[in-house]
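Asker: Pasting a structure here, questions to come.
Protein chains in written order, with the UniProt record's numbering: chain A, 1 to 288; chain B, 1 to 287.
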């Protein structure tokens, strides 16, 4: 039996090898690189201690990217969950054709964020569809992506619009798991529909909600593709995200050490957020 | 039967607290559908206009113009990119499923202290956002000459997908009763025989989930492809579209046609298998 278990353990070696070589080792390497001044390809590296991190503190573009990342992460999460839950509640009323709505709302999830950005470009460019529709109501449109202060909201909206189908299907599954008996009992007690939503639906949706929120938050905090295609970080880094900034430093500025430092900060921040959220929801589920 | 169905529908309206008529639901449904189809409609119309057609982006083309599609197809890069993405996606999901279900078998059946530690490695790296360790990954790829090759991107895709797949497979195998394994051990089957004859046939639903989730992800991958697939002949579909849009001077119609061709394959597969797509997304999200 012991021999058998040893043989069995051999089976995880390929997977473990791949993960160690391509995830864990690079993670350590990135941490190490963040203490070096390195252009990414030359054999010469200079150890500079915490200088990259010190420089981050005074780097305006990093600060903007960090702020934008917060908006992309938390802004999209809030929007997606409100929209996704509303759609799920709406579709859960099971009218004829509700499945068509589900199919279409979920469709953008299948499209690459990069291509979605280009598709949206036709909506928000100067002579685009959005301005034209506004024109029907005699409202003068904007050059939406021309102004970074507007552009970052457009990116948030596009990301929320694209992935709110994802939230929707998670909530739909959650709603299907709630037994009718609760609502029957509540109706007998004379609960209004708001009350039965607040005290039955919402608490029983917490497991679905915790999945939807954590997944969306991490997805939003690492937003990259759509930034590239919709604004390419511009104008002047005003819509850049941390992911974008890492690539920008590494690829265009050839500051591999600095890019690693940005990566380390982003990594720690995302870990922190997901730990806090997971802890919070675990407590909530226990309270139930 | 018909009566029964009507009753449940009636009840579900009641449970959602809605007793009013249905018309507002259809109105809302149509509104949502329009909002979601509008960008695709605008894209489609743009792709059917000649570059000199200045009609508004909401209207039909002045002249229906198919030349954009013809030249995109004749150019050949689109199909080459679709082929490349298909190869990468296929290899990624096949290898990932093999690696992950093999790994999950001992991790769920052999509950030793050491194996719990291995499991925690897989769990621990699950949350790592791939781009944060870009510099590290790329320098590893360079040092093993895996850049500009299919297998470089395939291994990267697998590495970032494996933790989650291993997690899903481990949970799933944990829910399969051990009696069958034990029976086959008594019959003298070795480890691989037990795995292939007893465990693997039961994994179909979870294999479908992993294939769909990571297949879609591999098909849409962009962040690492741009580093690894620099040679034009290796370009994946996302890189190809990026090229179309960043090299357009005024030919937005041509780029739009390319975008339509790029999203078409996965969209068609999704429309055919939509229930499995939605189900696998849910299964992988709710633990």
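Glycine residues also receive a C-beta, built at the ideal position from the N, C-alpha and C atoms. In this text, all values refer to a predicted model and were calculated from it rather than measured experimentally.
#1: With a threshold of 16 other CB atoms inside 10 Å of the CB of residue 49 of chain B, please say whether the residue is buried or exposed.
#2: Going by other Cβ atoms of all chains shown within 10 Å of its Cβ, with 16 needed for buried, is residue 267 of chain A buried or exposed?
#3: So if I threshold CB-CB distances at 8 Å, which residues from the stretch 262-280 of chain A count as touching chain B?
#4: Are the CB atoms of residue 214 of chain B and residue 137 of chain B within a distance shorter than 8 Å?
#5: Pull up the DSSP beta-bridge partners for residue 37 of chain A, would you.
#6: Which residues of the stretch 199-222 of chain B have a Cβ closer than 9 Å to any Cβ of chain A? Give them in chain order.
#7: Cβ of residue 72 of chain B within 8 Å of Cβ of residue 118 of chain A?
#8: Measuring only the C-alpha atoms, how far is residue 90 of chain A from residue 177 of chain B?
#9: I think residue 262 of chain B touches residue 88 of chain B, with their Cβ atoms under 8 Å apart; what is that distance to the nearest whole Å?
#10: Within 8 Å of any Cβ in chain A, is that where the Cβ of residue 164 of chain B sits?
#11: In the DSSP assignment, find the unbroken alpha helix (DSSP H) run with residue 199 of chain B in it and report its ends.
#12: For residue 80 of chain A, which residues from the same chain have a beta carbon less than 7 Å from its beta carbon, with the 5 sequence-adjacent residues on both sides left out?
#13: Report yes if the C-beta distance between residue 156 of chain B and residue 228 of chain B is below 8 Å; otherwise report no.
#14: According to DSSP, simplified to helix, strand and coil, what is residue 244 of chain B?
#15: Short check: CB of residue 24 of chain A to CB of residue 125 of chain B, under 8 Å?
#16: Find out if the Cβ-Cβ distance for the pair residue 12 of chain A, residue 102 of chain B is shorter than 8 Å.
#17: Three or more C-beta pairs closer than 8 Å, one from the stretch 148-168 of chain B and one from the stretch 95-114 of chain B: is that the case here?
#18: Quick test of the definition: if touching needs 3 or more C-beta pairs under 8 Å, does the stretch 71-86 of chain A touch the stretch 168-183 of chain A?
#19: Could you spell out where the alpha helix (DSSP H) holding residue 174 of chain A opens and where it closes?
#20: Helix, strand or coil for residue 176 of chain B? Go by DSSP, reduced to three states.
#21: Specify the secondary structure class of residue 146 of chain B as computed by DSSP and reduced to three states.
#22: Identify the contact partners of residue 60 of chain B in chain A, using a Cβ-Cβ distance below 8 Å as the criterion.
#23: What does residue 230 of chain B reach in chain A if we use C-beta pairs closer than 8 Å?
#24: I'd like the list of long-range same chain contacts for residue 15 of chain B, defined as Cβ closer than 8 Å, with 5 residues on each side in sequence excluded.
#25: Among residues of its own chain, excluding the 5 on either side of residue 179 of chain A, which ones have a beta-carbon nearer than 6 Å to its beta-carbon?
#26: Please determine if the stretch 120-127 of chain A and the stretch 136-153 of chain A are in contact, where contact requires at least 3 C-beta pairs separated by less than 8 Å.
#27: In three-state DSSP terms, what is residue 125 of chain A?
#28: In terms of residue numbering, what span does the alpha helix (DSSP H) encompassing residue 328 of chain B cover?
#29: Which of the three DSSP states, helix, strand or coil, is assigned to residue 279 of chain B?
#30: Any idea what DSSP makes of residue 205 of chain A, helix, strand or coil?
Answerer: Short version:
#1: Buried.
#2: So residue 267 of chain A ends up on the buried side.
#3: Residues of the stretch 262-280 of chain A that bring their beta carbon within less than 8 Å of a beta carbon in chain B comprise 263, 264, 266, 267, 270, 271, 274, in sequence order.
#4: No, Cβ-Cβ distance for residue 137 of chain B and residue 214 of chain B is not below 8 Å.
#5: According to DSSP, which records beta bridges pairwise, residue 37 of chain A is partnered with A:46.
#6: So the list reads 216, 219, 220, 221, 222, given in the order they occur along the chain.
#7: Not a contact, by the Cβ cut-off of 8 Å.
#8: Straight-line Cα distance between these residues: approximately 39 Å.
#9: Rounded, the Cβ-Cβ distance is 14 Å, inconsistent with contact.
#10: Chain A contact via Cβ: absent.
#11: Per DSSP, residue 199 of chain B is not a residue of any alpha helix (DSSP H), being assigned neither H nor E.
#12: So the qualifying residues of the chain are 160, 163, 164, 167, 216.
#13: Between residue 156 of chain B and residue 228 of chain B, the C-beta gap is smaller than 8 Å, which places the two residues in contact.
#14: If DSSP states are grouped into helix, strand and coil, residue 244 of chain B belongs with the helices.
#15: Judged by beta-carbon spacing, residue 125 of chain B lies within the 8 Å limit of residue 24 of chain A, meaning their Cβ atoms are closer than that value.
#16: Their beta carbons are under 8 Å apart, which means residue 12 of chain A touches residue 102 of chain B by this criterion.
#17: The stretch 148-168 of chain B vs the stretch 95-114 of chain B: in contact.
#18: Touching, per the Cβ criterion.
#19: Taken as a continuous stretch (DSSP letters only), the alpha helix (DSSP H) holding residue 174 of chain A covers 148-176.
#20: Under the three-state reduction of DSSP, residue 176 of chain B is assigned to coil, being neither helix nor strand.
#21: The DSSP-derived three-state label of residue 146 of chain B is coil.
#22: Close to residue 60 of chain B, with beta-carbon spacing below 8 Å, lies no residue of chain A; the smallest spacing is near 13 Å.
#23: Simply none; closest approach about 11 Å.
#24: The predicted position of residue 15 of chain B is uncertain, since its pLDDT is 47 and thus under 50; a value taken from the coordinates is nonetheless stated next. So the list is empty, once near-sequence residues are dropped.
#25: Here residue 179 of chain A has no same chain residue with a Cβ atom under 6 Å from its own Cβ, once five neighbours each way along the sequence are excluded.
#26: A contact exists between the stretch 120-127 of chain A and the stretch 136-153 of chain A.
#27: Under the three-state reduction of DSSP, residue 125 of chain A is assigned to coil, being neither helix nor strand.
#28: Past the boundaries of the shown model lies residue 328 of chain B; chain B is included only from 1 to 287, so the question cannot be answered.
#29: In the three-state scheme derived from DSSP, where H, G and I count as helix and E and B as strand, residue 279 of chain B is classed as helix.
#30: Secondary structure at residue 205 of chain A: coil, using DSSP grouped into helix, strand and coil.
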